[in-house]
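Here the structure comes first, spelled out in structure tokens, and everything after it is commentary.
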Amino acid sequence: MFFWTLQFVHCIVWAKDLLFSKLFGDKNQENDLNVRSNDAGNASEHAEDVFVRTNDEDVQQYGRRIYDHVFGYNIKVALSNEETWKNRNRPRPLYIRDVLPDILAQQNGNVDNDGANDGLPLSAMLSLGLKNPQDVWSLEENSKVFLESLKLFFVNRVKDIGSLSFDKDDQLAVEFVTAAANIRAESFGIAQHSLFEAKGIAGNIVHAVATTNAVIAGLIVIEAIKVLEKNTENYRMTYCVEHETQKKLLVPLEPCEPNKSCCVCSDTPLSLEINTHSSKLRDFVEKIVKAKLGMNFPMILRGSALLYEVGDDLDGNMIAIYAANLEKVLSELPSPVTGGTTLTVEDLQQEFKCRIYIKHREAFDDEKEPDGMVLSGWAETPHPEKVGEKSVGNGGSASSSLSQVQKDDEVQEISEGTDISLKKRKQPELLSDSTLDPSGVANDSSNKKRVHQIDDDDDDDLIMIDHGDHRDTGTNKKKRLQ
């Protein structure tokens, strides 16, 4: 039997599932690392005992014997099967005497160092002074790590031997497998890998790629540290843009000032005018809490008294109590809500909390105040005529690129010969047409007024035709009222 090795992953599987299990795993589990030759006389019949360490055998001597057997003798036996290598590259047997001279093999590692360093896990790397896991070790370094890690297992973890299985979080096991896989890769002419890369292959680890979410999460942590340090002067809000701005993808800005009309940014409570003697709690929840404040799972408190709550963890009795509260007028609740009362409304799902000051009011205008209540102190959705106005601070649009919608009607004079389409045109089309007369000559700005923007398509167009003579041009004109 011979374990085919064409890629580095094959070296990892061999080192992890065969060699590591044979040396440190369950002895009763079937695991044949020995290579059989087609020549019965050349077969390694004695090889079953090679992995057994005798009582009087030095651990370093045992390690060198294992090294010579799996990387030297087994490869030599495999090469004797000529048919196997007709269309494949032949591996090279490796022996410890060739890789490390006897004096280096005897001095492998630091005898006085047990591989532990200030409470860190056992590590052959640290024992040998190899500190960077992303370095690719040479054949000599891999051989030293192999011998040193095997020694540490038998010296410091002898009680675990016989029950171990590979664990990517076991530092010593990862070092042993990496070294063994790299030595086998060297024998087969395969590129060697660093400990970091080998650990990823052996542990099926998919190394994370920093997504935009991860980048933003890092920026949030940076700002959180500033909050903990009370470093208010260096607070920043950062935009992550798709296309670079000023040669930057991350654009940090100083935070906007709190918007006084925003119930989240401002500590000032909202004010609600409502008839507390006729309005039910249901009206307050549906028209104010959900419709205007946008809460999905509200919790309403008057002081410490809980008036209403929504949640999956409520028992039947609480659900019935809150359902009954919804049908009661505010002044008849278990904790009456009257003029001068302050309610606390919170949505735990959105981490949104605000206070509402209640003002009792008897009558409301049905046309102007159809809800029968008026909420003030909150940021309403801007009206269309205010879209172009730049808002101040948080909670509003900061764009100044939109021009103000014109309120006045515009009159455009069109020559009678001009084709008048009944289909309304978009802004760019009208702008281009309105600057030229039928002859292609630019209109005089003193006689024609250019239309800069068209109102919503919902408006109607009115065409006025005047057949009277005009002394300034002497031609009939049509006036178009937009």
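Going by the numbering used here, the final residue of the sequence shown carries number 521, and the count climbs one at a time with no gaps.
Cβ atoms here follow ideal geometry from the backbone N, Cα and C, with glycine treated the same way.
From a predicted model like this one, the values you see are computed outputs, not experimental measurements.
Secondary structure at alanine 344: strand, using DSSP grouped into helix, strand and coil. Leucine 387 carries a coil assignment under DSSP once its states are collapsed to helix, strand and coil.
Around the beta carbon of methionine 334, a 10 Å sphere encloses 16 or more other beta carbons of the protein chains shown; the residue is thus reported as buried. Excluding its 5 nearest sequence neighbours in each direction, serine 226 has C-beta neighbours in its own chain below 8 Å: Phe110, Ile114, Pro130, Arg131, Pro132 and Leu133, listed in chain order.
Beta bridge pairing from DSSP links arginine 394 with Thr383. For serine 182, the uninterrupted alpha helix (DSSP H) run begins and ends at 178-195, by DSSP.
A residue is called buried once 16 or more other Cβ atoms fall within 10 Å of its Cβ, and proline 337 is buried on that count.
The Cβ atoms of glycine 416 and leucine 309 lie closer than 7 Å to each other. Ranked by Cα distance from asparagine 181, the options Asp209, Phe215 and Pro294 are led by Phe215. Of the residues assessed, lysine 407 falls on the exposed side of the cut-off, its CB having fewer than 16 other CB atoms within 10 angstroms. Looking at Glu371, Arg92, Thr44 and Asp354, the one whose alpha-carbon comes closest to that of lysine 66 is Arg92. Residue state for cysteine 50 is assigned as helix, using DSSP reduced to three classes. Note on geometry: alpha-carbon atoms of aspartate 404 and arginine 321 lie some 21 Å from one another. The shortest CA-to-CA distance from arginine 394 to any of Glu385, Arg400, Ser233 and Asn364 is the one to Glu385. Put simply, the stretch 168-185 does not touch the stretch 196-205. Fewer than three CB pairs are less than 8 Å apart.
Only residues of its own chain outside the window of five on either side were considered, and among them Asn128, Pro130 and Arg131 have a CB closer than 8 Å to the CB of glycine 228, listed in chain order. Per DSSP, the unbroken alpha helix (DSSP H) holding leucine 320 starts and ends at 320-323.
Partner residues in the beta bridge of valine 290, as assigned by DSSP, are Tyr278.
For aspartate 137, the closest C-alpha among the options Leu62, Val194, Trp43 and Ile222 is that of Ile222.
Burial is judged here by how many other beta carbons sit within 10 angstroms of a residue's own beta carbon; leucine 72 has at least 16 and is buried. Looking only at Asn273, Tyr347 and Lys367, the smallest Cα-Cα distance to isoleucine 358 is reached by Tyr347.
Leucine 365 sits away from serine 318, with the two beta carbons spaced by 7 Å or more. For glutamate 366, the three-state secondary structure derived from DSSP is coil. For methionine 164, the enclosing alpha helix (DSSP H) begins and ends at 163-167. If you compare the alpha carbons of Gly379, Thr380 and Ile339 with that of tyrosine 361, the shortest gap goes to Ile339.
Between the alpha carbons of glutamate 121 and leucine 169 lies a distance of about 40 Å. Here serine 415 carries a strand assignment [DSSP, helix/strand/coil].
The beta carbon of tyrosine 278 is closer than 6 Å to those of Val290 in its chain, skipping five residues each way along the sequence. Per DSSP, reduced to three states, the secondary structure at leucine 234 is helical. Of the residues assessed, glycine 102 falls on the buried side of the cut-off, its CB having 16 or more other CB atoms within 10 angstroms. For leucine 267, no beta strand (DSSP E) run applies; the uninterrupted alpha helix (DSSP H) run containing it begins and ends at 251-267, by DSSP. When the five nearest sequence neighbours on each side are left out, the beta carbons in the same chain lying within less than 6 Å of the beta carbon of glycine 242 are those of Lys207, in order along the chain. Comparing alpha-carbon positions, the option among Leu387, Leu382 and Val280 lying closest to phenylalanine 323 turns out to be Leu382. Only residues of its own chain outside the window of five on either side were considered, and among them Tyr134 and Ile135 have a CB closer than 7 Å to the CB of aspartate 107, listed in chain order.
The Cβ atoms of lysine 398 and glycine 378 sit closer than 7 Å to each other.
Straight across, the Cα-Cα distance linking lysine 265 with isoleucine 259 is about 10 Å.
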